[in-house]
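If you read the sequence shown in full-length UniProt numbering, its first letter stands for residue 1, the second for the next number, and so on.
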Amino acid sequence: MIAIVTEASSWSLVLTAVVVLATSYILYYVWLYPTYISTLRHLPGPKGHWLTGNMSDIFNEEPAAPHLRWAKQYGSYSTYRVFLSERLLIADPEGIRHVLSAHPSRYARPLLATNLLKRVIGHALLTAEGKEHERMRRMLTPAFHHSKLKNFVELFRLSAQRLEQNWMGNIENAEANNKELAVDATSKVAGAKPLVVPGDSALVNAHVDFSKLTMDVIGHSAFGYAFKSQESGDRAMFDLFSDLLAVGRFTWKQLVPFAKYLPFPENIAFKKAVKTADGIVDKVIADKWQQREQQKSKQQQLVNDDSNNNNNDEEEEDDLDTKAASRKRDLLDLLMDVRDEETQAAISDQELRDQVKTFMLAGHETTSVAMSWILYALAQHPDVQDRLRSELEDFDVEHMTWESLEKLSYLSAVISEAMRRYPPVPITNRVAMQDDVIGNVQVRKGMTIMILPGMMHLHPALWDNPDEFRPARFLSEEQGGTGEAAKVNRFVYMPFLHGPRMCIGHKFATMEMKAVIATIVRRFYFFMPENSPEYVRRLTVTMRPFPDLKLGIRLVQG
Numbered sequence: 001m002i003a004i005v006t007e008a009s010s011w012s013l014v015l016t017a018v019v020v021l022a023t024s025y026i027l028y029y030v031w032l033y034p035t036y037i038s039t040l041r042h043l044p045g046p047k048g049h050w051l052t053g054n055m056s057d058i059f060n061e062e063p064a065a066p067h068l069r070w071a072k073q074y075g076s077y078s079t080y081r082v083f084l085s086e087r088l089l090i091a092d093p094e095g096i097r098h099v100l101s102a103h104p105s106r107y108a109r110p111l112l113a114t115n116l117l118k119r120v121i122g123h124a125l126l127t128a129e130g131k132e133h134e135r136m137r138r139m140l141t142p143a144f145h146h147s148k149l150k151n152f153v154e155l156f157r158l159s160a161q162r163l164e165q166n167w168m169g170n171i172e173n174a175e176a177n178n179k180e181l182a183v184d185a186t187s188k189v190a191g192a193k194p195l196v197v198p199g200d201s202a203l204v205n206a207h208v209d210f211s212k213l214t215m216d217v218i219g220h221s222a223f224g225y226a227f228k229s230q231e232s233g234d235r236a237m238f239d240l241f242s243d244l245l246a247v248g249r250f251t252w253k254q255l256v257p258f259a260k261y262l263p264f265p266e267n268i269a270f271k272k273a274v275k276t277a278d279g280i281v282d283k284v285i286a287d288k289w290q291q292r293e294q295q296k297s298k299q300q301q302l303v304n305d306d307s308n309n310n311n312n313d314e315e316e317e318d319d320l321d322t323k324a325a326s327r328k329r330d331l332l333d334l335l336m337d338v339r340d341e342e343t344q345a346a347i348s349d350q351e352l353r354d355q356v357k358t359f360m361l362a363g364h365e366t367t368s369v370a371m372s373w374i375l376y377a378l379a380q381h382p383d384v385q386d387r388l389r390s391e392l393e394d395f396d397v398e399h400m401t402w403e404s405l406e407k408l409s410y411l412s413a414v415i416s417e418a419m420r421r422y423p424p425v426p427i428t429n430r431v432a433m434q435d436d437v438i439g440n441v442q443v444r445k446g447m448t449i450m451i452l453p454g455m456m457h458l459h460p461a462l463w464d465n466p467d468e469f470r471p472a473r474f475l476s477e478e479q480g481g482t483g484e485a486a487k488v489n490r491f492v493y494m495p496f497l498h499g500p501r502m503c504i505g506h507k508f509a510t511m512e513m514k515a516v517i518a519t520i521v522r523r524f525y526f527f528m529p530e531n532s533p534e535y536v537r538r539l540t541v542t543m544r545p546f547p548d549l550k551l552g553i554r555l556v557q558g
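Below, the structure written as structure tokens:
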């Protein structure tokens with residue numbers, strides 16, 4: 001009996017200790033720390049639930065919407081809570097410059113965000129930090145040199161024209177799908193007919209089709225691999241990456257440490273998608289090794305043939321080999337050839353796989369999302385669409401070049417304004433790796449810093465009527481614009497971020513968008529079908545339109 005009482009007393013003491021510790025922990029972070037200790041205690045911010053903080057606002061609103069409201073109400077620096085953890089929200093361009101560009105080594109990506117990405121792509125450019133990130137960036141930068149990017153314009157054109165052909169097929173088959181097709185009879189698009197005419201209009205899933213296009217482009221340009229996504233009538237690749245990206249959607253389940261091991265439907269789909277993606281990546285790499293071996297054999301044959309030809313000297317042989325190699329080298333070649341600066345070791349098989357997965361994801365997802373929002377904006381604003389089409393009337397699609405695309409000022413303005421209004425990556429954050437001062441705010445090591453392009457791009461203190469879609473912001477007065485964008489701080493507009501973590505492929509993506517949009521706007525009118533759903537911005541790794549963006553298209557006459 002005494003033993004039983006003693007054992008019961010022991011458990012009682014343990015439970016009491018647990019309750020006391022838990023209560024003390026909560027009291028410290030809910031009351032003592034934010035009231036008397038935190039360096040952010042003097043900053044304004046929204047009140048939240050005593051335990052969950054401001055999570056309800058973040059979960060129930062579109063990406064960056066609550067942050068924009070707080071920035072407008074509380075100013076350049078404010079604070080809010082995610083459960084018991086405080087956040088510093090920066091709406092000051094100079095404060096953002098301090099974190100992203102002036103002192104990037106003092107701030108790293110949060111462990112939660114990095115681990116979520118690692119589940120998708122492993123250890124690669126997007127998930128590396130510090131010296132490792134610098135090494136990878138230095139290794140990959142030559143693949144994105146301007147001289148190499150200019151050679152991809154022809155690929156962009158051919159891919160855009162393949163999309164054009166597919167959409168022409170949709171129009172030709174519109175009669176068979178007439179029940180699905182619903183066209184806005186009151187469309188204000190210039191030259192539009194008031195009713196559906198079979199063979200004249202169609203419904204297209206813009207996001208899915210753009211995803212197929214950009215996957216083909218990244219396959220050819222980065223890996224020398226033909227995914228043939230646009231030739232396929234299904235959306236298997238799109239659904240595959242949707243399942244992969246779902247892991248980046250912030251939900252309550254992510255707050256449970258072991259949630260990823262539980263048999264939730266999204267976890268099952270994710271694991272299946274990872275296995276499928278790994279198989280695709282392995283095939284891409286295996287095919288590239290085979291291509292390289294075949295290329296070596298051909299080059300050796302050329303050398304042997306030239307050695308028997310008295311008309312060719314050694315200098316000509318070297319030049320021939322150099323030209324042949326330069327034509328074939330792509331991002332994957334670069335990765336396979338790279339050597340560690342200190343050890344001269346080749347890239348490991350695992351890192352090679354992870355880098356390929358990274359560029360498969362980043363190389364097509366952000367661009368396809370951006371182009372979806374561009375078409376959405378054009379369909380919503382027929383006057384902008386008309387002006388853009390007018391600029392493109394004399395544009396020679398068949399002979400487009402980097403230089404000719406650069407001259408399309410209104411096209412550039414439309415793309416820039418769409419990426420201001422609908423940034424593909426609206427939220428990023430950093431964790432302080434040391435004590436620091438941002439503006440006049442004391443930052444402690446371990447503190448989370450919130451930086452939101454989606455907030456800065458729509459802040460009324462930084463832009464004139466920011467909710468309006470107005471490409472003229474990005475044109476000078478001489479070009480018929482307002483010159484507004486040229487006057488704002490560069491850290492107010494950051495669709496690709498800034499600093500050493502700026503998107504390495506931003507020039508590639510921008511030129512791809514120009515080539516595609518120029519091609520399809522010359523051929524089609526875009527409009528919102530009747531009874532279209534209210535599209536919302538949903539954040540996974542990127543900010544996708546939800547549900548899938550379906551637009552009406554109509555042939556441009558003449």
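The beta carbon of each residue, even a glycine, is placed where N, CA and C say it ideally should be. Quantities reported herein were computed from a predicted structural model and do not represent experimental measurements.
Kindly list the residues whose CB is nearer than 8 Å to the CB of L405, restricted to its own chain and excluding five residues on each side of it in sequence; keep chain order.
-> Translated into positions along the sequence shown, residue 405 becomes position 405. Taken in chain order, the residues that qualify are V153, L411, M511, K514, A515, A518.
Using the rule of at least 16 other Cβ atoms within 10 Å of the residue's Cβ for burial, across every protein chain shown, is T366 buried or exposed?
-> Within the sequence shown, the letter at position 366 stands for residue 366. So T366 counts as buried.
At what residues does the beta strand (DSSP E) containing K550 begin and finish?
-> Numbered from 1 along the sequence shown, position 550 holds the residue referred to as residue 550. From DSSP, the beta strand (DSSP E) with K550 extends over 550 to 555.
Rounded to a whole number of angstroms, what is the C-alpha to C-alpha distance between W11 and L112?
-> Counted from its first residue, the sequence shown places residue 11 at position 11. Counted from its first residue, the sequence shown places residue 112 at position 112. Rounded to whole angstroms, the gap between the alpha carbons of W11 and L112 is 35 Å.
Of the residues S221, F227, F546, the one placed nearest S242, counting alpha carbons only | Your numbering for residue 242 matches position 242 in the sequence shown. Of the residues S221, F227, F546, the one whose Cα lies closest to the Cα of S242 is F546.
Considering residue 561, what are the terminal residues of the alpha helix (DSSP H) in which it resides?
-> It is not possible to answer for residue 561, since the shown part of the chain is limited to 1 through 558.
Output the distance between the C-alpha atoms of P382 and F144, rounded to the nearest integer angstrom.
-> Translated into positions along the sequence shown, residue 382 becomes position 382. Translated into positions along the sequence shown, residue 144 becomes position 144. Taking the straight line joining both Cα atoms gives about 35 Å.
By Cβ distance, which residues of its chain are closer than 7 Å to S221, with the 5 residues on each side in sequence left out?
-> By 1-based counting over the sequence shown, the position of residue 221 is 221. If the five residues before and after S221 are omitted, its C-beta is found closer than 7 Å to the C-beta atoms of F152, L155, D330, all from its own chain and listed in chain order.
Looking at the structure shown, is N54 part of a helix, part of a strand, or coil, going by DSSP?
-> Here residue 54 refers to the residue found at position 54 of the sequence shown. N54: coil per DSSP, three-state reduction.
Beta-carbon contacts of P104 that lie in its chain and below 8 Å, excluding the five residues immediately before and after = Against the sequence shown, residue 104 aligns to sequence position 104. G499, P500, R501.
Inspect the CB distances between the segment 486 to 498 and the segment 430 to 449 and report whether three or more fall short of 8 Å.
-> By the Cβ criterion, the segment 486 to 498 is not in contact with the segment 430 to 449, since fewer than three pairs of Cβ atoms, one from each stretch, lie closer than 8 Å.
Report the residue from V208, D396, A259, Q300 whose alpha carbon sits nearest the alpha carbon of D234.
-> Position 234 of the sequence shown, counting from 1, holds the residue named residue 234. The option with the nearest alpha carbon to D234 is V208.
So P453 packs on V425, CB below 8 Å; how close in whole Å?
-> The residue labelled residue 453 in the question sits at position 453 within the sequence shown. The residue labelled residue 425 in the question sits at position 425 within the sequence shown. Yes, P453 and V425 are in contact; Cβ-Cβ is about 7 Å, under 8 Å.
Could you check if N440 is buried or exposed, using at least 16 other CB atoms within 10 Å of its CB as the buried criterion?
-> Translated into positions along the sequence shown, residue 440 becomes position 440. Classification of N440: exposed, given that the 10 Å Cβ count is below 16.
Specify whether the segment 62 to 80 and the segment 40 to 47 touch according to this definition: at least 3 beta carbon pairs, one from each stretch, less than 8 Å apart.
-> yes
What whole-angstrom Cβ distance do L117 and L126 have, given they're in contact under 8 Å?
-> Here residue 117 refers to the residue found at position 117 when the sequence shown is read from its first residue. Here residue 126 refers to the residue found at position 126 when the sequence shown is read from its first residue. About 6 Å separates the two Cβ atoms, so the contact holds.
To which residues does DSSP link residue 564 through a beta bridge?
-> The structure shown does not extend to residue 564, since the chain is modelled only from 1 through 558, so no value can be given for it.
Ignore the nearest five residues each way along the sequence and tell me which others in L100's own chain have a CB closer than 6 Å to its CB.
-> Within the sequence shown, the letter at position 100 stands for residue 100. Excluding residues within five positions, the ones whose Cβ falls inside 6 Å are H498, G499.
Secondary structure of V541, DSSP reduced to three states | Stepping through the sequence shown from its first residue, residue 541 is reached at position 541. DSSP places V541 in coil when its eight states are reduced to three.
Report the partner residues of S201 according to the DSSP bridge assignment.
-> Position 201 of the sequence shown, counting from 1, holds the residue named residue 201. R554, per the DSSP bridge assignment.
Which runs of the beta strand (DSSP E), 3 residues or longer, sit entirely within the segment 370 to 439?
-> 428 to 432, 436 to 438
State the DSSP-derived secondary structure class of M336, mapped to helix, strand or coil.
-> Residue 336 sits at position 336 when you count from the first residue of the sequence shown. Here M336 sits in helix by DSSP.
Distance CB(I553)-CB(E164) smaller than 7 Å = Counting from 1 along the sequence shown, the entry for residue 553 is found at position 553. Counting from 1 along the sequence shown, the entry for residue 164 is found at position 164. No. Outside cutoff.
On the three-state DSSP scale, how would you describe I504?
-> For the purposes of this step, residue 504 is identified with residue 504 of the sequence shown, where counting begins at 1. Three-state DSSP puts I504 in coil, outside helix and strand.
Is it buried or exposed for E86, if we count other Cβ within 10 angstroms and need 16 for buried?
-> Within the sequence shown, numbered from 1, the residue matching residue 86 stands at position 86. Residue environment analysis places E86 among the buried positions, since at least 16 neighbouring C-beta atoms fall within 10 angstroms of its C-beta.
Would you tell me roughly how many angstroms separate the C-alpha atoms of R119 and R522, rounded to the nearest one?
-> Taking the first residue of the sequence shown as 1, we reach residue 119 at position 119. Taking the first residue of the sequence shown as 1, we reach residue 522 at position 522. Distance between the alpha carbons of R119 and R522: 41 Å.
May I ask you to report which of helix, strand or coil DSSP gives M528?
-> If you number the sequence shown from 1, residue 528 lands on position 528. Of the three classes helix, strand and coil, the one that applies to M528 here is coil, per DSSP.
Would you mind giving the Cβ-Cβ distance between R353 and V281, rounded to the nearest angstrom? I have them listed as a contact below 8 Å.
-> On the sequence shown, residue 353 is found 353 positions in, with the first residue counted as 1. On the sequence shown, residue 281 is found 281 positions in, with the first residue counted as 1. Yes, R353 and V281 are in contact; Cβ-Cβ is about 5 Å, under 8 Å.
Taking 7 Å as the cut-off, decide whether the C-beta atoms of L551 and F526 are in contact.
-> Working through the sequence shown from its first residue, we reach residue 551 at position 551. Working through the sequence shown from its first residue, we reach residue 526 at position 526. Between L551 and F526, the C-beta spacing is below 7 Å.
Between the CA atoms of A108 and E477 - distance to the nearest angstrom = Within the sequence shown, the letter at position 477 stands for residue 477. Within the sequence shown, the letter at position 108 stands for residue 108. Those two C-alpha atoms are separated by around 40 Å.
Are V284 and F223 closer than 7 Å when you measure CB to CB?
-> Within the sequence shown, numbered from 1, the residue matching residue 284 stands at position 284. Within the sequence shown, numbered from 1, the residue matching residue 223 stands at position 223. A contact, by the Cβ cut-off of 7 Å.
Where N465 falls, given that 16 or more other Cβ within 10 Å makes a residue buried = Within the sequence shown, numbered from 1, the residue matching residue 465 stands at position 465. That one is exposed.
Do S372 and A206 come within 7 Å of each other at the CB atom, strictly closer than that value?
-> Here residue 206 refers to the residue found at position 206 of the sequence shown. Here residue 372 refers to the residue found at position 372 of the sequence shown. Cβ atoms of A206 and S372: closer than 7 Å.
Report yes if the CB atom of L378 is closer than 7 Å to the CB atom of Q355, and no otherwise.
-> Translated into the one-based positions of the sequence shown, residue 378 becomes position 378. Translated into the one-based positions of the sequence shown, residue 355 becomes position 355. Taking 7 Å as the Cβ cut-off, L378 and Q355 do not qualify as a contacting pair.
First and last residue of the alpha helix (DSSP H) that includes I171?
-> The residue given as residue 171 occupies position 171 in the sequence shown. Run containing I171: 153 to 172, per the alpha helix (DSSP H) assignment.
Q344 in three-state terms, based on DSSP | Taking the sequence shown and counting its residues from 1, the one referred to as residue 344 is at position 344. Note: Q344 maps to coil in three-state DSSP.
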